[in-house]
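J.:
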Amino acid sequence: MESITKNRQSPDTLRVMVERAYGADRVPVGDGWVSELGHGWFNVAYRIRLRDGAEVVLKIAPPPQVEVMTYERGAMSTELATLELLRTHTVVPVPAVDFADQSHELCDADYFFMPYVDADNLGIIAESLPVAERDAYMEQVGAANREINSLRGKAFGPLVGPGDPSWRRVFTRMLEDVLRDGERRSVDIGWSYDTVRAVVAEHAGSLDEVTEPRLVEWDLWDSNVLVGDGKVVCVIDHERAFYGDPLIEAGFTGTQLAAFGDPAAFMRGYGHGELTATQQVRRSLYGLYLMLIMVIETVYRGHPDTKQYDWARPKLDDAMTLLGRTRQ
(Lines of atoms letter the chains of each structure in order from A and count residues from 1; the text may use other names and numbers.)
(Lines give C-alpha, C1' and ligand atoms only; values in the text may rest on other atoms or scores of the structure.)
Protein backbone atom coordinates (compact mmCIF):
# COMPACT_ATOMS: atom_id res chain seq x y z
CA MET A 1 0.00 0.00 0.00
CA GLU A 2 1.45 3.36 -1.06
CA SER A 3 1.45 6.09 1.61
CA ILE A 4 3.32 9.34 2.24
CA THR A 5 3.98 8.06 5.78
CA LYS A 6 6.53 5.55 4.44
CA ASN A 7 9.93 6.92 5.35
CA ARG A 8 12.14 5.41 2.66
CA GLN A 9 15.90 5.66 3.03
CA SER A 10 18.82 5.38 0.59
CA PRO A 11 20.96 2.22 0.44
CA ASP A 12 23.88 4.16 1.93
CA THR A 13 21.78 5.20 4.92
CA LEU A 14 20.45 1.68 5.33
CA ARG A 15 24.03 0.34 5.44
CA VAL A 16 24.95 2.81 8.19
CA MET A 17 21.87 1.78 10.15
CA VAL A 18 22.82 -1.88 9.75
CA GLU A 19 26.35 -1.12 10.97
CA ARG A 20 25.04 0.53 14.12
CA ALA A 21 22.73 -2.40 14.82
CA TYR A 22 24.90 -5.39 13.90
CA GLY A 23 28.48 -4.16 13.47
CA ALA A 24 30.65 -3.33 10.46
CA ASP A 25 31.44 -6.96 9.65
CA ARG A 26 27.77 -7.70 8.89
CA VAL A 27 27.05 -4.72 6.60
CA PRO A 28 25.78 -5.95 3.21
CA VAL A 29 27.90 -5.53 0.10
CA GLY A 30 27.08 -5.71 -3.59
CA ASP A 31 23.53 -5.63 -4.92
CA GLY A 32 20.24 -7.36 -4.18
CA TRP A 33 20.55 -7.30 -0.39
CA VAL A 34 17.49 -5.14 0.32
CA SER A 35 13.85 -5.15 -0.75
CA GLU A 36 10.84 -3.27 0.53
CA LEU A 37 8.03 -5.21 2.15
CA GLY A 38 5.12 -3.42 0.53
CA HIS A 39 2.13 -4.94 2.32
CA GLY A 40 2.07 -2.48 5.25
CA TRP A 41 -0.03 0.68 5.28
CA PHE A 42 1.88 3.02 7.63
CA ASN A 43 5.58 2.35 8.32
CA VAL A 44 8.13 1.40 5.69
CA ALA A 45 9.71 -2.01 6.24
CA TYR A 46 12.75 -3.47 4.52
CA ARG A 47 13.87 -7.07 4.23
CA ILE A 48 17.67 -7.02 4.47
CA ARG A 49 20.18 -9.81 3.94
CA LEU A 50 23.25 -9.23 6.08
CA ARG A 51 26.74 -10.04 4.84
CA ASP A 52 26.74 -13.37 6.69
CA GLY A 53 23.47 -14.38 5.04
CA ALA A 54 21.15 -13.76 7.99
CA GLU A 55 17.92 -11.98 7.07
CA VAL A 56 16.39 -9.21 9.13
CA VAL A 57 13.61 -6.65 8.86
CA LEU A 58 14.11 -2.93 9.40
CA LYS A 59 11.01 -0.94 10.31
CA ILE A 60 11.13 2.88 10.16
CA ALA A 61 8.58 5.33 11.56
CA PRO A 62 7.10 8.11 9.39
CA PRO A 63 9.17 11.24 8.70
CA PRO A 64 8.56 14.08 11.17
CA GLN A 65 7.32 16.51 8.53
CA VAL A 66 4.42 14.23 7.54
CA GLU A 67 1.29 14.87 9.59
CA VAL A 68 -0.22 11.70 11.02
CA MET A 69 -3.49 11.19 12.84
CA THR A 70 -3.49 11.99 16.54
CA TYR A 71 -3.67 8.38 17.67
CA GLU A 72 -0.69 7.46 15.48
CA ARG A 73 1.77 9.81 17.17
CA GLY A 74 4.55 7.90 18.91
CA ALA A 75 3.33 4.64 17.38
CA MET A 76 6.75 3.00 17.25
CA SER A 77 7.36 3.60 20.95
CA THR A 78 4.02 1.91 21.58
CA GLU A 79 5.04 -1.05 19.43
CA LEU A 80 8.33 -1.53 21.25
CA ALA A 81 6.57 -1.37 24.63
CA THR A 82 3.93 -3.85 23.47
CA LEU A 83 6.51 -6.30 22.16
CA GLU A 84 8.30 -6.23 25.52
CA LEU A 85 5.04 -6.90 27.36
CA LEU A 86 4.08 -9.79 25.12
CA ARG A 87 7.53 -11.37 25.14
CA THR A 88 7.80 -11.27 28.94
CA HIS A 89 4.21 -12.02 29.98
CA THR A 90 2.68 -14.26 27.29
CA VAL A 91 3.57 -17.12 24.98
CA VAL A 92 2.08 -15.33 21.96
CA PRO A 93 4.74 -15.52 19.22
CA VAL A 94 6.03 -12.03 18.43
CA PRO A 95 9.25 -10.76 16.83
CA ALA A 96 12.38 -10.27 18.87
CA VAL A 97 13.86 -6.78 18.75
CA ASP A 98 17.51 -6.97 17.73
CA PHE A 99 18.16 -3.24 17.99
CA ALA A 100 16.10 -0.07 18.40
CA ASP A 101 17.26 3.50 17.86
CA GLN A 102 15.24 6.55 18.86
CA SER A 103 18.16 9.01 18.72
CA HIS A 104 17.37 10.29 15.17
CA GLU A 105 21.11 10.54 14.54
CA LEU A 106 21.19 8.35 11.42
CA CYS A 107 17.58 8.73 10.34
CA ASP A 108 14.97 11.41 11.04
CA ALA A 109 12.66 8.95 12.84
CA ASP A 110 12.60 5.98 15.21
CA TYR A 111 13.51 2.59 13.77
CA PHE A 112 14.18 -0.94 14.88
CA PHE A 113 15.54 -4.22 13.52
CA MET A 114 14.05 -7.65 14.05
CA PRO A 115 14.76 -11.10 12.59
CA TYR A 116 12.98 -11.91 9.35
CA VAL A 117 10.31 -14.56 9.87
CA ASP A 118 10.04 -16.94 6.93
CA ALA A 119 6.29 -17.60 6.93
CA ASP A 120 3.15 -16.82 4.96
CA ASN A 121 1.01 -13.75 5.62
CA LEU A 122 -2.43 -15.08 6.51
CA GLY A 123 -4.16 -12.04 5.03
CA ILE A 124 -2.55 -12.72 1.66
CA ILE A 125 -3.13 -16.47 1.47
CA ALA A 126 -6.45 -16.76 3.33
CA GLU A 127 -8.68 -16.84 0.25
CA SER A 128 -6.60 -19.60 -1.31
CA LEU A 129 -6.88 -21.89 1.71
CA PRO A 130 -9.55 -24.55 2.29
CA VAL A 131 -12.20 -23.19 4.63
CA ALA A 132 -11.31 -25.65 7.40
CA GLU A 133 -7.64 -24.65 7.30
CA ARG A 134 -8.43 -20.94 7.31
CA ASP A 135 -10.83 -21.40 10.22
CA ALA A 136 -8.21 -23.37 12.15
CA TYR A 137 -5.79 -20.47 11.81
CA MET A 138 -8.42 -17.96 12.89
CA GLU A 139 -9.22 -20.04 15.95
CA GLN A 140 -5.54 -19.81 16.88
CA VAL A 141 -5.67 -16.05 16.31
CA GLY A 142 -8.66 -15.85 18.63
CA ALA A 143 -6.85 -17.80 21.34
CA ALA A 144 -3.75 -15.62 20.98
CA ASN A 145 -5.87 -12.48 21.16
CA ARG A 146 -7.52 -13.73 24.36
CA GLU A 147 -4.10 -14.24 25.90
CA ILE A 148 -3.05 -10.72 24.92
CA ASN A 149 -6.23 -9.37 26.49
CA SER A 150 -5.43 -11.23 29.72
CA LEU A 151 -2.78 -8.62 30.54
CA ARG A 152 -4.21 -6.02 32.90
CA GLY A 153 -3.28 -2.37 33.03
CA LYS A 154 -3.45 0.13 35.86
CA ALA A 155 -5.65 2.51 33.88
CA PHE A 156 -7.29 2.87 30.49
CA GLY A 157 -5.44 4.62 27.70
CA PRO A 158 -1.97 4.59 26.12
CA LEU A 159 0.62 2.11 27.33
CA VAL A 160 2.98 4.94 28.22
CA GLY A 161 0.24 7.04 29.88
CA PRO A 162 -1.44 9.19 30.87
CA GLY A 163 -4.12 6.80 32.02
CA ASP A 164 -7.69 7.27 33.23
CA PRO A 165 -9.89 5.01 35.40
CA SER A 166 -12.88 5.65 33.11
CA TRP A 167 -13.12 3.77 29.81
CA ARG A 168 -15.98 6.05 28.77
CA ARG A 169 -13.75 9.11 29.07
CA VAL A 170 -10.83 7.43 27.31
CA PHE A 171 -12.79 6.05 24.38
CA THR A 172 -14.86 9.17 23.79
CA ARG A 173 -11.60 11.18 23.77
CA MET A 174 -10.13 8.73 21.27
CA LEU A 175 -13.13 9.14 19.01
CA GLU A 176 -13.11 12.92 19.42
CA ASP A 177 -9.44 13.00 18.38
CA VAL A 178 -10.39 11.23 15.15
CA LEU A 179 -13.24 13.65 14.49
CA ARG A 180 -10.95 16.63 15.04
CA ASP A 181 -8.39 15.08 12.70
CA GLY A 182 -11.09 14.89 10.05
CA GLU A 183 -12.29 18.42 10.62
CA ARG A 184 -8.74 19.79 10.53
CA ARG A 185 -8.29 18.41 7.00
CA SER A 186 -11.92 19.02 5.93
CA VAL A 187 -12.53 15.33 5.19
CA ASP A 188 -15.99 14.57 3.83
CA ILE A 189 -17.30 11.73 6.00
CA GLY A 190 -20.81 11.96 4.56
CA TRP A 191 -22.27 13.14 7.85
CA SER A 192 -22.18 16.25 9.98
CA TYR A 193 -19.38 15.83 12.48
CA ASP A 194 -21.71 17.07 15.21
CA THR A 195 -24.28 14.42 14.25
CA VAL A 196 -21.63 11.78 14.87
CA ARG A 197 -20.81 13.38 18.20
CA ALA A 198 -24.49 13.31 19.17
CA VAL A 199 -24.78 9.61 18.30
CA VAL A 200 -21.75 8.78 20.42
CA ALA A 201 -23.10 10.78 23.36
CA GLU A 202 -26.45 8.96 23.14
CA HIS A 203 -24.81 5.55 23.49
CA ALA A 204 -21.79 6.36 25.68
CA GLY A 205 -23.44 4.89 28.76
CA SER A 206 -22.74 1.40 27.42
CA LEU A 207 -19.02 2.05 27.95
CA ASP A 208 -19.43 2.25 31.73
CA GLU A 209 -19.82 -1.54 31.86
CA VAL A 210 -16.07 -1.82 31.16
CA THR A 211 -14.19 -1.40 34.43
CA GLU A 212 -10.97 -3.40 34.03
CA PRO A 213 -8.25 -2.10 31.66
CA ARG A 214 -6.93 -4.88 29.41
CA LEU A 215 -4.15 -4.82 26.84
CA VAL A 216 -5.77 -4.66 23.40
CA GLU A 217 -4.02 -4.89 20.04
CA TRP A 218 -6.88 -3.27 18.09
CA ASP A 219 -5.03 -3.96 14.81
CA LEU A 220 -4.86 -7.76 14.96
CA TRP A 221 -6.19 -8.51 11.48
CA ASP A 222 -5.23 -11.63 9.54
CA SER A 223 -2.77 -9.45 7.57
CA ASN A 224 -0.75 -9.05 10.76
CA VAL A 225 -0.48 -12.80 11.32
CA LEU A 226 2.27 -15.00 9.87
CA VAL A 227 1.53 -18.70 9.57
CA GLY A 228 3.11 -21.96 8.45
CA ASP A 229 2.63 -25.73 8.84
CA GLY A 230 -0.77 -25.27 10.44
CA LYS A 231 0.40 -22.89 13.17
CA VAL A 232 0.47 -19.18 13.87
CA VAL A 233 4.19 -18.45 13.66
CA CYS A 234 4.26 -14.75 14.53
CA VAL A 235 1.98 -11.80 15.27
CA ILE A 236 3.34 -8.52 13.89
CA ASP A 237 2.56 -4.78 13.93
CA HIS A 238 1.76 -3.80 17.50
CA GLU A 239 1.93 0.00 17.23
CA ARG A 240 -1.76 0.64 17.93
CA ALA A 241 -2.04 -1.19 21.25
CA PHE A 242 -3.54 0.43 24.35
CA TYR A 243 -5.37 -0.50 27.55
CA GLY A 244 -9.07 -0.73 26.87
CA ASP A 245 -12.05 -3.00 26.25
CA PRO A 246 -11.17 -6.33 24.55
CA LEU A 247 -14.41 -6.12 22.57
CA ILE A 248 -12.79 -3.40 20.43
CA GLU A 249 -10.43 -5.99 18.92
CA ALA A 250 -10.48 -6.40 15.14
CA GLY A 251 -11.63 -10.00 15.33
CA PHE A 252 -15.04 -8.94 16.68
CA THR A 253 -15.72 -6.42 13.89
CA GLY A 254 -17.51 -8.94 11.68
CA THR A 255 -20.17 -9.55 14.34
CA GLN A 256 -21.90 -6.42 13.00
CA LEU A 257 -20.13 -5.31 9.81
CA ALA A 258 -20.37 -8.23 7.39
CA ALA A 259 -17.76 -6.74 5.04
CA PHE A 260 -15.08 -7.74 7.56
CA GLY A 261 -15.82 -11.44 7.29
CA ASP A 262 -17.36 -14.17 9.39
CA PRO A 263 -16.00 -13.92 12.97
CA ALA A 264 -17.20 -17.35 14.07
CA ALA A 265 -13.81 -19.10 14.00
CA PHE A 266 -12.09 -16.22 15.78
CA MET A 267 -14.77 -16.17 18.47
CA ARG A 268 -14.54 -19.94 18.97
CA GLY A 269 -10.83 -19.65 19.50
CA TYR A 270 -11.28 -16.69 21.78
CA GLY A 271 -13.99 -18.45 23.76
CA HIS A 272 -16.54 -15.65 23.43
CA GLY A 273 -20.24 -16.34 23.12
CA GLU A 274 -23.05 -14.22 21.73
CA LEU A 275 -22.82 -10.53 22.55
CA THR A 276 -25.21 -9.12 25.14
CA ALA A 277 -27.37 -6.13 24.27
CA THR A 278 -24.95 -3.71 25.95
CA GLN A 279 -21.97 -5.34 24.31
CA GLN A 280 -23.67 -4.94 20.93
CA VAL A 281 -23.99 -1.20 21.55
CA ARG A 282 -20.34 -0.93 22.53
CA ARG A 283 -19.31 -2.98 19.51
CA SER A 284 -21.33 -0.59 17.30
CA LEU A 285 -19.40 2.36 18.74
CA TYR A 286 -16.13 0.57 18.04
CA GLY A 287 -17.21 -0.13 14.47
CA LEU A 288 -18.00 3.55 14.02
CA TYR A 289 -14.56 4.46 15.37
CA LEU A 290 -12.88 2.10 12.91
CA MET A 291 -14.82 3.32 9.90
CA LEU A 292 -14.15 6.97 10.75
CA ILE A 293 -10.43 6.19 10.83
CA MET A 294 -10.55 4.27 7.55
CA VAL A 295 -12.26 7.21 5.82
CA ILE A 296 -10.22 10.03 7.39
CA GLU A 297 -6.80 8.38 7.18
CA THR A 298 -6.98 8.33 3.37
CA VAL A 299 -6.29 12.07 3.38
CA TYR A 300 -3.43 11.79 5.87
CA ARG A 301 -1.82 8.93 3.94
CA GLY A 302 -1.99 10.75 0.61
CA HIS A 303 -3.29 7.69 -1.21
CA PRO A 304 -2.80 7.92 -4.99
CA ASP A 305 -6.39 6.80 -5.62
CA THR A 306 -9.76 6.81 -3.84
CA LYS A 307 -10.15 3.04 -3.59
CA GLN A 308 -10.05 2.82 0.22
CA TYR A 309 -12.21 5.93 0.67
CA ASP A 310 -14.83 4.63 -1.76
CA TRP A 311 -14.90 1.28 0.05
CA ALA A 312 -15.01 2.70 3.58
CA ARG A 313 -17.55 5.52 3.19
CA PRO A 314 -20.60 3.23 2.76
CA LYS A 315 -19.39 1.15 5.70
CA LEU A 316 -19.43 4.31 7.81
CA ASP A 317 -23.11 4.68 6.88
CA ASP A 318 -23.64 1.08 8.01
CA ALA A 319 -21.98 1.87 11.35
CA MET A 320 -24.25 4.88 11.84
CA THR A 321 -27.31 2.76 11.00
CA LEU A 322 -26.37 0.33 13.76
CA LEU A 323 -26.51 3.27 16.15
CA GLY A 324 -29.95 4.41 14.97
CA ARG A 325 -29.09 6.94 12.25
CA THR A 326 -29.94 6.51 8.59
CA ARG A 327 -29.28 8.83 5.71
CA GLN A 328 -32.26 10.87 4.55
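Residues 1 to 328, numbered by UniProt numbering, are exactly what the sequence shown covers, in order.
The beta-carbon is built from N, C-alpha and C at its ideal position, and this holds for glycine as well.
It should be emphasised that the depicted structure is a prediction, and the values quoted were computed from it without experimental measurement.
(1) For Val29, count neighbouring Cβ atoms within 10 angstroms of its own Cβ and tell me buried if that reaches 16, exposed if not.
(2) I'd like to know whether the C-beta atoms of Lys307 and Ala259 end up nearer to each other than 7 Å.
(3) Could you give the residue range of the alpha helix (DSSP H) that holds Phe242?
(4) Put Phe35 into one of helix, strand or coil per three-state DSSP.
(5) Are the stretch 215-231 and the stretch 140-149 touching, with three or more C-beta to C-beta distances below 8 Å?
(6) Kindly indicate which residue of Glu183, Ala250, Gln256 has the alpha-carbon position closest to the one of Asn149.
(7) Taking just the CA atoms, how far does Val92 sit from Phe113?
(8) If you drop the 5 nearest sequence neighbours on each side, which residues of the same chain put their C-beta closer than 7 Å to that of Val196?
(9) When DSSP labels each residue in this structure, what does Met267 get in the three-state scheme?
(10) How big is the Cα-Cα spacing for Gln140 and Glu239?
(11) Note down the Cα distance separating His303 from Glu297, rounded to an integer number of angstroms.
(12) Within 10 Å of its beta-carbon, does Ser206 have 16 or more other beta-carbons around it, so buried, or fewer, so exposed?
(13) Which residues bound the beta strand (DSSP E) around Val227?
(14) Within its chain, find whatever has a CB closer than 8 Å to the CB of Leu226; leave out the 5 residues flanking it on each side and keep chain order.
(15) Can you find at least 3 beta carbon pairs, one from the stretch 73-82 and one from the stretch 12-21, that sit closer than 8 Å?
(16) Do Phe156 and Ala95 count as a contact pair if the criterion is CB distance below 7 Å?
(17) With burial defined as no fewer than 16 other Cβ atoms inside 10 Å of the residue's Cβ, what is the status of His39: buried or exposed?
(18) Answer yes or no: does any C-beta atom of chain D fall closer than 7 Å to that of Leu151?
(19) At which residues does the beta strand (DSSP E) containing Tyr46 begin and terminate?
(20) Does DSSP put Ser239 in a helix, in a strand, or in coil?
(21) Could you check whether the Cβ of Ile296 sits closer than 6 Å to any heavy atom belonging to the ligand GDP?
(22) Tell me which residue opens and which closes the beta strand (DSSP E) that Asp101 is part of.
(23) In the DSSP assignment, find the beta strand (DSSP E) that holds Glu274 and state where it starts and stops.
(24) Looking only at C-alpha atoms, which of Gly74, Arg26, Arg73 sits nearest to Arg51?
(25) CA-CA distance, Asp135 and Gly23?
(26) What are the boundary residues of the alpha helix (DSSP H) that includes Leu86?
(27) Keeping to the same chain, check which residues put their C-beta closer than 8 Å to that of Tyr270; ignore five residues upstream and five downstream.
(28) Can you name the start and end residues of the beta strand (DSSP E) that Arg152 belongs to?
(29) What is the rounded straight-line gap between the Cα of Pro64 and the Cα of Asp108?
(30) Among the residues of its own chain, which have a CB less than 7 Å from the CB of Pro115, if the five just before and after it don't count?
(31) To which residues does DSSP link Arg214 through a beta bridge?
(32) Quick test of your reading: Leu159 and Phe266, contact by CB under 8 Å. State the CB separation rounded to the nearest angstrom.
T.: In short:
(1) exposed
(2) no
(3) Phe242 -> not in any alpha helix (DSSP H); beta strand (DSSP E) instead, spanning 242-244.
(4) Looking at the sequence provided, one finds Ser at residue 35 rather than Phe. Here Ser35 sits in strand by DSSP.
(5) yes
(6) Ala250
(7) 19 Å
(8) Counting only Cβ-Cβ distances below 7 Å, and skipping sequence neighbours, we find Leu179.
(9) helix
(10) 21 Å
(11) 9 Å
(12) buried
(13) Val227 -> beta strand (DSSP E) spans 225-228.
(14) Val117, Ala119, Asp120, Asn121, Leu122, Val232, Val233, Cys234, Val235, Ile236
(15) Put simply, the stretch 73-82 does not touch the stretch 12-21. Fewer than three CB pairs are less than 8 Å apart.
(16) According to the sequence displayed, residue 95 carries Pro and not Ala. Going by C-beta atoms, Pro95 is not nearer than 7 Å to Phe156.
(17) exposed
(18) In the structure shown, chain D does not exist; there is a single protein chain.
(19) 44-49
(20) Residue identity differs from the one stated: residue 239 is Glu in this sequence, not Ser. Coil, per DSSP.
(21) The ligand GDP is not among the ligands present in this structure, which contains no ligands whatsoever.
(22) 99-101
(23) Careful: Glu274 lies outside any beta strand (DSSP E) and carries neither H nor E.
(24) Arg26
(25) 43 Å
(26) 75-89
(27) Gly142, Ala143, Asn145, Arg146, Gly251
(28) No beta strand (DSSP E) contains Arg152, which DSSP labels as neither H nor E.
(29) 7 Å
(30) Only Val56, Pro95, Ala96, Asp98 meet the Cβ criterion.
(31) Arg152, Gly244
(32) Not really, about 24 Å apart at Cβ, beyond 8 Å.
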